[in-house]
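Remarks on the structure that follows.
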Amino acid sequence: MSDLATPTNATPSTGPFDVQALRSEFPILQREVHGKPLVYLDNAATKQKPQAVLDALETYYTQTNSNVHRGLHTLSEEATAQYEQARAICARFIGSDNPREIVFTGGATDALNLVAHSYGGATLKPGDRVFVTEMEHHSNIVPWQLVAERCGAEVVPIPVTDDGEIDLDAYRSLLDERGKVVAMVAVSNTLGTVNPVAEMVRLAKEVGAATVVDATQAVTAQTIDVHELGCDFLAFTGHKLYGPTGIGVFWGRMEMLEAMPPYRGGGEMIDSVKFTGSTYAAPPMRFEAGTPNIAGAIGLGVAIEWFTAQDRQAIWAHEHSLAEYGQAKLAEVEGLRMIGTSPTKIPIFSFVLDWAHAYDVGPVLDHRGIAVRTGHHCTEPLMDRFGVPATVRASCAAYTTHQEIGALVEALGRAKELLA
Amino acid sequence: MTASSSAIPPIDEIEETFEFLDDWEERFSYLIDLGKKLPDMPEADRNEANRVHGCQASVWLKLDLAEDKRLAIRAASDAHIVNGLIAIMLSLFDGVSPAEARATDAKAVVEKLGLHQHLSPTRRNGLWAMIERINALTANA
């Protein structure tokens, strides 16, 4: 397993990674659960927030709170400036040189609904195909199904191999000019697999399909550059990037955004409103109806600045080490079957146990202070693919320690005593 | 109590045991053991018609009024915890008359046993659905 993915496209590491120093920036990691130190291994669901982000939210509400783009008073101008600065930070973070390509949304789900309904709704015709991978989160399947049903188009799954990788041969043979959209997850929330997105985008382009990348889990796992990827659209959420909940980003190439109709109507998104018909603002405002999550956007900007100021190469080396360690340690648990064994994966461990249902294991771990996720992780087609009803998923972040994985393995041993 | 589920203790004995055990792991262990005492549910009955939805784990429930007008319940799950909860339901309802069933507050018993943490909306183990089905069957019987 020495060839687990280590991203190389970041500045070189400047020294040894001090995980304890990093942990001290996260107040919640100090708390106890059921009298035990919290072992938080549900990071693929949401990550904890560093003090810098918490401070930014408090400062916004205590010093700046005001609506954006409206008033001419000082607070509104400050809020607008901070909100637009966050937009610029998000653009830079994913390699876009145009902040107007960044649409703030409620999250990745909201972003994917936007592209499906606006772009898909305006372009899909009967007989057209939308390809999605079998490892997609429901949020990158169901919006396409809703739109496809309305347009007479078809949603076609791209199969996943036994290791939990995209079956590229199957993808190549499925793709033809009927494919109008390919929607793909860059890193699987259930398996941790890092997908060959640039290659998948290149193949989609050959048949003229638009490409949508769900970068939700990827933004903390590798450097994202939309121009290097070559995709048309990209979505990610704030709260899995050490930022607040309720804020996400939808990025689209400007010429694509300019051609797309509004998805939701309301304030901020109009040019002129008449009962004889309204005209709409240019992107990104066209897609930001209503008062946005101002504090969330500012908090996300701070989270990105915080994250990019870390030694990311060292964090990724640490996470790579956690992935190797976790795969090896968990393999020692009797009756454990890992779902997702790709050599290119981040430390997300999804597994089933032949002596208990995932549902049985969750409470035992919880009572030992260990937070994991049990269930289908909003990837039911993937569960069906592997023939399992649910998995236990332990997922790491930059602040996860090897000892915490050890605590998980030990607690699984106790669960087996209680359940087997 | 019917003969086939006689391995499951009566509810007052279960309540006493829960009260006696003060450690969470011991109570958890006892619940799992109760689940292992469930009478077999034939594979043929584990079909879609008997499936209780709204659950992370799979639950199958076969609910009838026997000829003597008493409740006949068979249920099973693929999760140990849910089988334990089913065992408690059987001890409350299997073999009882509709009138007795109507007089039984299953939700109160579950809360008294401190098991409601297994029944939070996020866990949704289908037990509530099971209780609702029993209530519906016995309401007019």
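Sequences listed follow chains L and C, in order. Residue 1 is where the first sequence starts when you use this note's numbering, and the numbers rise one by one after that. Residue 1 is where the second sequence starts when you use this note's numbering, and the numbers rise one by one after that. C-beta: ideal position from N, C-alpha, C; glycine also.
Determine the extent of the alpha helix (DSSP H) in which residue 98 of chain C is found, giving its start and end residues.
DSSP places residue 98 of chain C in the uninterrupted alpha helix (DSSP H) bounded by 98-102.
Within 10 angstroms of its Cβ, does residue 21 of chain L collect 16 or more other Cβ (buried), or is it exposed?
For residue 21 of chain L, the number of other beta carbons within 10 angstroms of its own is below 16, and it is reported as exposed.
Look up residue 115 of chain C in the DSSP assignment and say whether it is helix, strand or coil.
In the structure shown, residue 115 of chain C sits in coil (DSSP, three-state: anything other than H, G, I, E or B).
Any heavy atom of the ligand GDP within a distance shorter than 7 Å of the CB on residue 22 of chain L?
The ligand GDP is not among the ligands present in this structure, which contains no ligands whatsoever.
Member of L:35, L:48, L:152, L:127 whose CA lies at the smallest distance from the CA of residue 239 of chain L
Measuring from the Cα of residue 239 of chain L, the nearest candidate turns out to be L:48.
Would you kindly check if the distance between the Cβ of residue 114 of chain L and the Cβ of residue 371 of chain L is under 8 Å?
Cβ atoms of residue 371 of chain L and residue 114 of chain L: not closer than 8 Å.
Quick check: is the beta carbon of residue 25 of chain C nearer than 8 Å to any beta carbon in chain L?
Yes, residue 25 of chain C lies at the interface with chain L (some Cβ there is under 8 Å from its Cβ).
Local conformation of residue 64 of chain C per DSSP, three classes
It is a strand residue.
From the beta carbon of residue 53 of chain C, is the nearest beta carbon of chain L less than 8 Å away?
Output row for residue 53 of chain C: interface = no.
Please list, in chain order, the chain L residues whose beta carbon lies closer than 7 Å to that of residue 32 of chain C.
Think of a sphere of 7 Å around the beta carbon of residue 32 of chain C: the chain L residues whose beta carbon falls inside it are 418, 419, in chain order.
Select from the region 64-77 of chain C all residues with a C-beta closer than 9 Å to any C-beta belonging to chain L, and list them in chain order.
When CB distances to chain L are screened at a threshold of 9 Å, the residues of the region 64-77 of chain C falling below it are 77, in chain order.
DSSP three-state call for residue 26 of chain L: helix, strand or coil?
Under the three-state reduction of DSSP output, residue 26 of chain L falls in the coil class, being neither helix nor strand.
Cα separation between residue 184 of chain L and residue 132 of chain L?
Their backbone Cα atoms lie some 6 Å apart in a straight line.
Name the chain L residues whose beta carbon is nearer than 9 Å to that of residue 58 of chain C?
Residues of chain L with a Cβ closer than 9 Å to the Cβ of residue 58 of chain C are, in chain order, 357, 389.
Are the CB atoms of residue 78 of chain L and residue 64 of chain L within a distance shorter than 8 Å?
Yes, the Cβ-Cβ distance between residue 64 of chain L and residue 78 of chain L is below 8 Å.
Enclosing beta strand (DSSP E) for residue 71 of chain C [first to last residue]
Here the beta strand (DSSP E) through residue 71 of chain C covers 71-77.
Which whole-angstrom value describes the C-beta separation of residue 128 of chain L and residue 202 of chain L, a residue pair presumed to lie in contact below a C-beta threshold of 8 Å?
Wrong, their Cβ atoms sit about 21 Å apart, outside the cutoff.
Cβ pair residue 133 of chain C, residue 61 of chain C closer than 8 Å
Yes, Cβ-Cβ distance for residue 133 of chain C and residue 61 of chain C is below 8 Å.
Compare the beta carbon distance of residue 342 of chain L and residue 190 of chain L with 8 Å and say whether it is the shorter of the two.
The beta carbons of residue 342 of chain L and residue 190 of chain L sit no closer together than 8 Å.
CA-CA distance, residue 46 of chain L and residue 236 of chain L?
Residue 46 of chain L and residue 236 of chain L have their C-alpha atoms roughly 12 Å apart.
Contact under 8 Å by Cβ, residue 242 of chain L with residue 33 of chain L:
Contact annotation: residue 242 of chain L and residue 33 of chain L have beta-carbon atoms that are not nearer than 8 Å.
Proximity of residue 113 of chain C and residue 104 of chain C at Cβ, strictly below 8 Å
Using a Cβ distance threshold of 8 Å, residue 113 of chain C and residue 104 of chain C do not count as a contacting pair.
Are the region 345-354 of chain L and the region 316-328 of chain L touching by the rule of at least three beta carbon pairs closer than 8 Å?
Output reads yes: the region 316-328 of chain L touches the region 345-354 of chain L.
Alpha-carbon spacing of residue 210 of chain L relative to residue 271 of chain L, whole angstroms
Whole-angstrom Cα-Cα distance: 28 Å.
Which residue spans inside the region 225-251 of chain L form an unbroken beta strand (DSSP E) run of at least 3?
Within the region 225-251 of chain L, the complete beta strand (DSSP E) runs of at least 3 residues are 233-237.
Does the count of Cβ pairs from the region 95-110 of chain L and the region 248-258 of chain L closer than 8 Å reach three?
Touching, per the Cβ criterion.
Measure from the alpha carbon of residue 161 of chain L to the alpha carbon of each residue in L:419, L:86, L:385, L:392, then state which is nearest.
Shortest Cα-Cα distance from residue 161 of chain L to any of L:419, L:86, L:385, L:392 involves L:385.
For residue 81 of chain C, would you say it is in contact with chain L, using Cβ-to-Cβ distances shorter than 8 Å as the test?
Yes, contact with chain L.
CA-CA distance, residue 109 of chain C and residue 57 of chain C?
C-alpha separation (whole angstroms): 22 Å.
With a cut-off of 8 Å, does the C-beta of residue 408 of chain L fall near any C-beta of chain C?
Judged by the 8 Å Cβ criterion, residue 408 of chain L is not in contact with chain C.
Can you find at least 3 beta carbon pairs, one from the region 116-130 of chain L and one from the region 260-268 of chain L, that sit closer than 8 Å?
Yes, the region 116-130 of chain L touches the region 260-268 of chain L.
Within-8 Å CB hit, residue 2 of chain C to chain L
Only weak support is given to the placement of residue 2 of chain C: the predicted model assigns it a pLDDT of 45, under 50, and the value that follows is read from those uncertain coordinates. Under the Cβ criterion of 8 Å, residue 2 of chain C is not counted among the residues facing chain L.
Which runs of the beta strand (DSSP E), 3 residues or longer, sit entirely within the region 253-290 of chain L?
Look at the region 253-290 of chain L and you find these whole runs of beta strand (DSSP E), each 3 residues long or longer: 270-272.
So that I know if they touch, is there some Cβ in chain C lying closer than 8 Å to that of residue 401 of chain L?
With respect to chain C, the C-beta atom of residue 401 of chain L has no partner C-beta closer than 8 Å.
Segment limits, alpha helix (DSSP H) that includes residue 321 of chain L:
Start and end: 312-331.
Is residue 164 of chain L helix, strand or coil by DSSP?
The three-state secondary structure of residue 164 of chain L, taken from DSSP, is coil.
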